[in-house]
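A.B. asks: Quick one: the structure is below, and I'll ask about it shortly.
Protein chains: 2
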Amino acid sequence: MTNDTPSGEDSLIARYFKPLATDPGAFGLVDDAAIIKAEGCDIVVKTDAIVEGVHYLPDDPPEGIAKKALRVNLSDLAAKGATPAGFVLTLALRKADESWLSAFARGLGEDAVSFGCPLLGGDTVSTPGPVMISIAAWGRVPAGRMVHRFGANPGDRIMVTGTIGDAVLGLEVLKGGPAATALAGDPAARELLIGRYRVPQPRNALAACIRDFATASMDVSDGLAGDLAKLCAASKVSAEVDVSRIPTSPVAAMLLSRGAADIAAMISGGDDYEILCTVPAVKREAFLAEAGQAGVAVAEIGTIAAGAGRPRFLDGQGAEISLTRLSFSHF
Amino acid sequence: MTNDTPSGEDSLIARYFKPLATDPGAFGLVDDAAIIKAEGCDIVVKTDAIVEGVHYLPDDPPEGIAKKALRVNLSDLAAKGATPAGFVLTLALRKADESWLSAFARGLGEDAVSFGCPLLGGDTVSTPGPVMISIAAWGRVPAGRMVHRFGANPGDRIMVTGTIGDAVLGLEVLKGGPAATALAGDPAARELLIGRYRVPQPRNALAACIRDFATASMDVSDGLAGDLAKLCAASKVSAEVDVSRIPTSPVAAMLLSRGAADIAAMISGGDDYEILCTVPAVKREAFLAEAGQAGVAVAEIGTIAAGAGRPRFLDGQGAEISLTRLSFSHF
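Top to bottom, those sequences are chains W and U. Start counting the first sequence at 1; every next residue gets the next number (the working numbering). Start counting the second sequence at 1001; every next residue gets the next number (the working numbering).
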């Protein structure tokens, strides 16, 4: 072995991941650590991991797995008002499968470019168990401007981006549940829902708008109901949500109308990766206009209320919808 | 469920990890992300993961597992000349075992305090496989002062901290190899070696000294021979090492003298977590004096040479020692 013959691990990193390490602070992945320049900003840091068989299915396409692993972190940065700056990757693999790895690296590289979030370093380890991908991502916000879970005030309007519930329905399609049966003759609709489960669409285009208007913000990853409860608990407030105003996709709306989907399951299921935020009533119009400018669909779904009660989800007639669980929990 | 009744996952985080999140940027772990203040410094980032059955043994004490997970990252920060500033933790668990978790959190908390490296956030996920702990840690260096793998020049002296080879011998003791047999009657010696495998002693006290004197630096985690080859490759130089000057512990020296340990295996085994660095010959004395002031033992083991050949390891008679492998690789 000479200096030029790296170990299997180093060779794997050089082949698949070095091309992604375009930031000068990554030093081409040949050093032991990377540099992030703060340039007068605060650095926002977030870590999220996904596990084969828990957060994705073993035969999901590797490009999408890579994108999901990065995007669950990008979604948090967006909700905090931060601009992506870079990430580090821990990849635990049973074996170095070339075709899986090259597709995984391709997906990761595409997202690193399109979200402006370069790979800065990583660790590749062997495991006898399921594949696990842990990413820690950094973003920049002007000093003191990170938007928190706390900060919502009574009277603030509750806003949510995109549509809610598609991902949990997509998982149901993959698992052959009622949604799969209802969509047996409609492959395009099935693919749309599956795509929402496999590859989240984080709302990073909304970050500046969140910083400028939101009193509190978080991403919806474990279920809208549970995540709103967390935002309310952190802000020491309660909330009332008009369930009929929760944005749903045309496919989900059709499934709801046919009784093949359940709104309670959709708002307590996970994997939406939309932004949930609160905006003062007087800034409502300006926020919606700016979000429109940013190209992100936003819906107003309710109002923050005083008190410490759990958020109430009301149907079109003002009756409270009963939720057996608020969100996904690992334990 | 009310706002005050967190999920199993949140409850686990609140009980075990919130007490460790003492940094104001951690927001008590109730937010989705943390803040790092750079204050005119560069932020150095590093991630390293450890997997049950790969980097530690399933019945290793949880306090030590936590310390190892953090210290493998702290060791990199030290080698880069950075002062620890904080870390995020991904913990993949089969089940929420209270006694394991409380011991793990206790160990992690002790190290967070003693190394000044607070927990800033994390993600706890379930896995059907082995426990995996991934930590991303960062530190601060004065702008532009991170010490790289590249930068070593011909004539520079090669320095290494502490002792080399104890950890790989400790693993051999745990696995019942020749070192275990040779030390059958000496439990204190066995414990010393096992301790070096289970809980590394990162040389963070040397960080400022590395910044002030080293031309190149990295930590020794995969084996001294392989890691020196990496440093040389990055610096486009070669090296000659006098193996008789490689520092060994009294126990390791005794095993070597009895033929129960092999120096080639000790310098290509992993888990030392010492610092390997190069220092210009004219700064040699000053470096050794400052390292002594910092309380870190340092030995000079060789000299950087021109050329691209692999580093040569010479015995006391100047004959090259043959190494069948240079370091540990996962794949």
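Just so you know, even glycine gets a beta-carbon here, dropped at the ideal spot from N, CA and C. All of these numbers come straight from a predicted model, not from anything done at the bench.
So, is the C-beta of W:Phe27 closer than 8 Å to a C-beta in chain U?
C.D. replies: Within the first sequence, residue 27 of chain W is the residue found at index 27, counting from 1. With 8 Å as the cut-off, W:Phe27 counts as an interface residue toward chain U.
A.B. asks: Would you say the beta carbon of W:Asp123 is closer than 7 Å to some non-hydrogen atom of the ligand ADP?
C.D. replies: This structure lacks the ligand ADP; in fact it carries no ligand of any kind.
A.B. asks: To the nearest angstrom, how far is it from the Cα of U:Val1168 to the Cα of U:Gln1201?
C.D. replies: Residue numbering aside, residue 1168 of chain U sits at position 168 when the second sequence is read from its first letter. Residue numbering aside, residue 1201 of chain U sits at position 201 when the second sequence is read from its first letter. A straight line joining the alpha-carbon of U:Val1168 with that of U:Gln1201 spans about 14 Å.
A.B. asks: Along the chain, where does the alpha helix (DSSP H) containing W:Gly129 start, and where does it finish?
C.D. replies: As a working mapping, residue 129 of chain W is identified with position 129 in the first sequence. Per DSSP, W:Gly129 belongs to no alpha helix (DSSP H) and is neither H nor E.
A.B. asks: Just to confirm, is the Cβ distance from U:Ala1152 to U:Thr1215 under 8 Å?
C.D. replies: The count along the second sequence starts at 1 and reaches residue 1152 of chain U at position 152. The count along the second sequence starts at 1 and reaches residue 1215 of chain U at position 215. The answer is yes: Cβ separation under 8 Å.
A.B. asks: Indicate the three-state DSSP secondary structure (helix, strand or coil) for U:Glu1274 in the structure shown.
C.D. replies: One-based indexing of the second sequence puts residue 1274 of chain U at position 274. Looking at U:Glu1274 - three-state DSSP - the assignment turns out to be strand.
A.B. asks: Is it buried or exposed for U:Ala1188, if we count other Cβ within 10 angstroms and need 16 for buried?
C.D. replies: Taking the first residue of the second sequence as 1, we reach residue 1188 of chain U at position 188. The residue in question, U:Ala1188, is exposed, as its Cβ has fewer than 16 Cβ neighbours within 10 Å.
A.B. asks: Quick one, which of U:Tyr1056, U:Ile1164, U:Val1051 has its alpha-carbon nearest W:Pro128's?
C.D. replies: On the first sequence, residue 128 of chain W is found 128 positions in, with the first residue counted as 1. For W:Pro128, the nearest C-alpha among the options comes from U:Val1051.
A.B. asks: My assumption, with CB atoms under 8 Å, is that W:Ala82 sits in contact with W:Val44. Please give the rounded CB distance.
C.D. replies: In the first sequence, counting from the first residue as 1, residue 82 of chain W sits at position 82. In the first sequence, counting from the first residue as 1, residue 44 of chain W sits at position 44. Correct: roughly 4 Å between the Cβ atoms.
A.B. asks: When you compare each of W:Ala79, W:Gly64, W:Ser257 to W:Tyr273 by their alpha carbons, which one comes out closest?
C.D. replies: As a first step, residue 273 of chain W must be located in the first sequence, where it is residue number 273. The shortest C-alpha separation from W:Tyr273 is found at W:Ala79.
A.B. asks: So is U:Ala1353 buried or exposed if we call it buried at 16+ other beta carbons inside 10 Å?
C.D. replies: Outside the shown range of chain U (1001 to 1331) lies residue 1353 of chain U, about which nothing can therefore be said.
A.B. asks: Is the Cβ-Cβ distance between W:Glu320 and W:Arg312 less than 8 Å?
C.D. replies: Your numbering for residue 320 of chain W matches position 320 in the first sequence. Your numbering for residue 312 of chain W matches position 312 in the first sequence. Closer than 8 Å, so yes.
A.B. asks: If we define contact as Cβ-Cβ less than 8 Å, is U:Pro1058 a contact residue for chain W?
C.D. replies: Translated into the one-based positions of the second sequence, residue 1058 of chain U becomes position 58. Not an interface residue.
A.B. asks: Give the straight-line distance between the Cα atoms of U:Asp1219 and U:Phe1115, rounded to the nearest whole angstrom.
C.D. replies: Here residue 1219 of chain U refers to the residue found at position 219 of the second sequence. Here residue 1115 of chain U refers to the residue found at position 115 of the second sequence. Their Cα atoms are separated by approximately 17 Å.
A.B. asks: Going by CA-CA distance only, name the one from W:Met146, W:Arg203, W:Arg145, W:Glu172 that's closest to W:Phe295.
C.D. replies: Taking the first residue of the first sequence as position 1, residue 295 of chain W is located at position 295. It should be noted that the sequence gives Gly, not Phe, for residue 295 of chain W. Nearest of W:Met146, W:Arg203, W:Arg145, W:Glu172 to W:Gly295, Cα basis: W:Arg203.
A.B. asks: In chain order, what residues of the same chain lie with their CB nearer than 6 Å to the CB of W:Glu300, ignoring the 5 residues before and after it?
C.D. replies: By 1-based counting over the first sequence, the position of residue 300 of chain W is 300. Arg157, Met159.
A.B. asks: Who are the near neighbours of U:Glu1172 in its chain, counting only those whose CB is closer than 6 Å to its CB and skipping five residues on each side?
C.D. replies: Mapped onto the second sequence, residue 1172 of chain U falls at position 172. So the list reads Ala1179, once near-sequence residues are dropped.
A.B. asks: How many Å lie between U:Arg1211 and U:Gly1162 at the Cα?
C.D. replies: One-based indexing of the second sequence puts residue 1211 of chain U at position 211. One-based indexing of the second sequence puts residue 1162 of chain U at position 162. Taking the straight line from one Cα to the other gives about 18 Å.
A.B. asks: So which residues of chain U does W:Leu120 contact, with C-beta pairs closer than 7 Å?
C.D. replies: Numbered from its first residue, the first sequence carries residue 120 of chain W at position 120. Against chain U, a Cβ distance below 7 Å from W:Leu120 picks out Val1045.
A.B. asks: Using the three-state DSSP reduction, which class does W:Ser11 fall into: helix, strand or coil?
C.D. replies: Stepping through the first sequence from its first residue, residue 11 of chain W is reached at position 11. Helix.
A.B. asks: Do you know how far the Cα of W:Gly155 is from the Cα of W:Val234?
C.D. replies: For the purposes of this step, residue 234 of chain W is identified with residue 234 of the first sequence, where counting begins at 1. For the purposes of this step, residue 155 of chain W is identified with residue 155 of the first sequence, where counting begins at 1. Before going on, a small fix: residue 234 of chain W reads as Ala here, not Val. One C-alpha to the other measures close to 16 Å.
A.B. asks: Assuming W:Ala214 is part of the beta strand (DSSP E), what are its boundary residues?
C.D. replies: The residue you call residue 214 of chain W lines up with position 214 of the first sequence. That residue, W:Ala214, is in no beta strand (DSSP E); it is neither H nor E in DSSP.
A.B. asks: Among W:His55, W:Pro142, W:Ser75, W:Ala207, whose alpha-carbon lies nearest the alpha-carbon of W:Gln293?
C.D. replies: Within the first sequence, residue 293 of chain W is the residue found at index 293, counting from 1. It is W:Ala207 whose Cα lies nearest to the Cα of W:Gln293.
A.B. asks: Under three-state DSSP, which class holds U:Arg1333?
C.D. replies: Residue 1333 of chain U cannot be examined here, being either before or after the span of chain U that is shown, 1001 to 1331.
A.B. asks: Would you identify the three-state DSSP class for W:Ala305, choosing helix, strand or coil?
C.D. replies: To locate residue 305 of chain W, count along the first sequence from 1; it is residue 305. Looking at W:Ala305 - three-state DSSP - the assignment turns out to be strand.
A.B. asks: Would you please verify whether the beta carbon of U:Arg1203 is less than 8 Å from any beta carbon of chain W?
C.D. replies: One-based indexing of the second sequence puts residue 1203 of chain U at position 203. Answer no: the Cβ-Cβ gap between U:Arg1203 and chain W never drops below 8 Å.
A.B. asks: At a CB distance below 7 Å, what residues from the stretch 120-154 of chain W approach chain U? Give them in sequence order.
C.D. replies: Leu120, Gly121, Gly122, Asp123, Thr124, Val125, Ser126, Thr127, Pro128, Gly129, Pro130, Met132, Ser134, Ala136, Met146, His148, Arg149
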